[in-house]
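The sequence shown begins at -2 in our numbering and counts up by one.
C-beta: ideal position from N, C-alpha, C; glycine also.
For clarity, every value in this text was computed on a predicted model and none was experimentally measured.
Below is one structure; the comments refer to it alone.
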Amino acid sequence: MANSGPTSQRPVYLRLRDLIAANILDGVFAEGEMLPSVRAFAAEHGANPLTVAKAFQQFQTDGLIAVRRGVGMYVREGAAAKLRAAERKGFLQDEWPAIRERLDRLGLSARELLDSADA
């Protein structure tokens, strides 16, 4: 989990949560399929299993994953759409205002951003 920059200042469980969310949204963890075990995920990402369990627990609380005793954790059907809606709402409320303010301060337009992305 070695990282630098603004995201590295966030608690590890939130960075893991973001990684899990991205994997669900990208279909790496597909709906109806089993997630890696807490221990396997922790080993793969160099994290403490208790920290990984905390990240997974939030997805369970939010109804995005289900636990089947003795079998494992699964991504629930509809989890990606529900997660995408929540992530979009969070982005628009929490991140976009600061980005918009910076764009305005720099005199950048949406067209300039899109044109630079195509370059």
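Simplified DSSP assignment, three categories, for asparagine 0: Unreliable positioning characterises asparagine 0 in this predicted model, as indicated by a pLDDT of 45, which lies under 50. The coordinate reading is nonetheless provided below. Coil.
Which residue from Asp115, Arg73, Leu22 and Gly104 puts its Cα closest to that of glycine 29? Arg73
By DSSP, does alanine 63 sit in helix, in strand, or in coil? For alanine 63, the secondary structure class from DSSP, reduced to helix, strand or coil, is strand.
Whole-angstrom distance between glycine 67 and aspartate 23, CA atom to CA atom: 27 Å
To the nearest angstrom, report how far apart valine 64 and proline 33 are at their CA atoms. 12 Å
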